[in-house]
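Enquirer:
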Amino acid sequence: MSEQSVPAGTVAAVTGGGSGIGLATARAISTAGGSVVLAGRSVPKLEAAAAEGFSGPVQILQLDTGEPGAGAALVQAAVAAFDRLDVVIANAGVYLPGDLADSEPTAIASLIGTNVTGLIDTVQAAVRHFVPQGRGDILVTSSVSGHQAIAWEPVYSASKHAVQALVHGVRRQLIGSGVRIGAVAPGVVLNDLWKVTDDALRDAEVAAGNGLTNEDIAEAMMFMLTRPRHVQIRDLVILPVNQDI
Numbered sequence: 006m007s008e009q010s011v012p013a014g015t016v017a018a019v020t021g022g023g024s025g026i027g028l029a030t031a032r033a034i035s036t037a038g039g040s041v042v043l044a045g046r047s048v049p050k051l052e053a054a055a056a057e058g059f060s061g062p063v064q065i066l067q068l069d070t071g072e073p074g075a076g077a078a079l080v081q082a083a084v085a086a087f088d089r090l091d092v093v094i095a096n097a098g099v100y101l102p103g104d105l106a107d108s109e110p111t112a113i114a115s116l117i118g119t120n121v122t123g124l125i126d127t128v129q130a131a132v133r134h135f136v137p138q139g140r141g142d143i144l145v146t147s148s149v150s151g152h153q154a155i156a157w158e159p160v161y162s163a164s165k166h167a168v169q170a171l172v173h174g175v176r177r178q179l180i181g182s183g184v185r186i187g188a189v190a191p192g193v194v195l196n197d198l199w200k201v202t203d204d205a206l207r208d209a210e211v212a213a214g215n216g217l218t219n220e221d222i223a224e225a226m227m228f229m230l231t232r233p234r235h236v237q238i239r240d241l242v243i244l245p246v247n248q249d250i
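Numbered per the numbering used here, the sequence shown finishes at 250, counting up by one with no gaps.
Written as structure tokens, this is what we have:
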């Protein structure tokens, strides 16, 4: 990963930070000189994640973004730990593939609660904090399936279309505020969301151009965060070179 520095003293809060894209992005921000609040549902997972790969201060926070008020709790925890908050990475999400006819209602409700309702709550809390201070960055983990309907994951795709609509609408509401919002939309990322736990298999698939790594997405997020303040990257779609979508 190329070196990309954030302003001195930057504080970032990352949801879904215990693994995958969230953890890789939190580590990249730390390496670049920032402090991080690592939020997720599993305390043991967060503790293990925070134990290595961080250059600066890191605070863990048990948080289920699908619960009402979780966004406000995230902001409050960051301010309590570091006296400020500059970046929110709204990364928490769940995946549900398969035919709609075969999908369980509870699984659908859980996905919508995290990917849509929980995301809106996180973004709303970030906006409410950043607008009065006249500055801040909100980055959302979307998906290429938010840019086109994908037949083998229609519920997930619908949730990511909602993500895209939120980012585009809120961006326009934030014009003139000094606050930026953007979405990173990956294709296949070979991590635990895709049930890829074998390092050798992952490395082979990446080398073959069939998948991306968590670090690839973290680097894309860092690129967005480190643009001059007059630059707004609304959408960044990132795909493995051989993904046929």
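Here a beta-carbon is modelled for each residue, glycine too, at the ideal position from N, C-alpha and C.
Hey, which unbroken runs of the alpha helix (DSSP H) at 4 residues or more fall wholly within the segment 136 to 211?
Expert: 159 to 178, all fully within the segment 136 to 211.
Enquirer: In this structure, does DSSP put Ala83 in helix, strand or coil?
Expert: Your numbering for residue 83 matches position 78 in the sequence shown. Correct three-state label for Ala83: helix.
Enquirer: Looking at C-alpha atoms only, which residue of Thr231, Pro73 and Val193 is the closest neighbour of Gln248?
Expert: What you label residue 248 is simply residue 243 of the sequence shown in a count that begins at 1. Ranking the options by Cα distance to Gln248, first place goes to Val193.
Enquirer: Between the C-alpha atoms of Pro73 and Leu206, what's the straight-line distance to the nearest angstrom?
Expert: Taking the sequence shown and counting its residues from 1, the one referred to as residue 73 is at position 68. Taking the sequence shown and counting its residues from 1, the one referred to as residue 206 is at position 201. Spanning the two alpha carbons is a distance of roughly 39 Å.
Enquirer: Buried or exposed: where does Lys165 fall if 16 or more other Cβ atoms within 10 Å of its Cβ makes it buried?
Expert: The sequence position of residue 165 within the sequence shown is 160, counting from 1. By the neighbour-count rule (16 or more Cβ atoms within 10 Å), Lys165 is buried.
Enquirer: Is it a yes or a no for the segment 197 to 217 touching the segment 174 to 182, going by three-plus beta-carbon pairs under 8 Å?
Expert: Taking 8 Å as the limit for Cβ pairs, the verdict is that the segment 174 to 182 does not touch the segment 197 to 217.
Enquirer: Tell me whether Ile180 is buried or exposed, calling it buried when 16 or more other Cβ atoms sit within 10 Å of its Cβ.
Expert: Within the sequence shown, numbered from 1, the residue matching residue 180 stands at position 175. With fewer than 16 Cβ atoms within 10 Å of its Cβ, Ile180 is classed as exposed.
Enquirer: Judging by CA-CA distance, which residue of Ala163, Asp91, Ala17 and Glu57 is the nearest neighbour of Gly103?
Expert: Numbered from 1 along the sequence shown, position 98 holds the residue referred to as residue 103. Looking at the Cα atoms, Ala163 is the closest of the given residues.
Enquirer: Quick one: Cα of Ala106 to Cα of Pro159, how far?
Expert: Indexing the sequence shown from 1 puts residue 106 at position 101. Indexing the sequence shown from 1 puts residue 159 at position 154. Answer to the nearest angstrom: the Cα atoms are 11 Å apart.
Enquirer: For the segment 14 to 88, which segments carrying the beta strand (DSSP E) assignment without a break, of at least 3 residues, lie completely within its bounds, in sequence order?
Expert: The segment 14 to 88 contains these whole beta strand (DSSP E) runs: 16 to 19, 40 to 45 and 63 to 67.
Enquirer: Let me know if Ser7 comes out buried or exposed under the rule of 16 or more other beta-carbons within 10 Å of its beta-carbon.
Expert: For the purposes of this step, residue 7 is taken as residue 2 along the sequence shown, with counting starting at 1. For Ser7, the predicted structure reports a pLDDT of 45, less than 50, and the residue's modelled location is therefore unreliable. The matter cannot be settled from this model.
Enquirer: Tell me Val242's beta-bridge partners as DSSP assigns them.
Expert: By one-based count along the sequence shown, residue 242 stands at place 237. DSSP lists Ala190 as partners of Val242.
Enquirer: Let's see if you can read the secondary structure: which residues bound the beta strand (DSSP E) around Ile94?
Expert: What you label residue 94 is simply residue 89 of the sequence shown in a count that begins at 1. That run of the beta strand (DSSP E) goes Val92 to Ala95.
Enquirer: Check for me: the alpha helix (DSSP H) holding Pro284 runs from which residue to which?
Expert: Residue 284 is absent from the model: the chain starts at 6 and stops at 250.
Enquirer: Leaving out five residues on either side along the sequence, give the residues of the same chain with a beta carbon under 6 Å from the beta carbon of Thr36.
Expert: Residue mapping note: residue 36 aligns to position 31 of the sequence shown, counting from 1. The residues are Ser60.
Enquirer: At the level of alpha carbons, what is the spacing between Val168 and Gly187?
Expert: Within the sequence shown, the letter at position 163 stands for residue 168. Within the sequence shown, the letter at position 182 stands for residue 187. Using only the alpha carbons, I get a separation of about 10 Å.
Enquirer: With a cut-off of 8 Å on the beta carbons, I'd call Val19 and Gly27 a contact; round off their distance for me.
Expert: Mapped onto the sequence shown, residue 19 falls at position 14. Mapped onto the sequence shown, residue 27 falls at position 22. Val19 to Gly27, Cβ: 5 Å. Contact.
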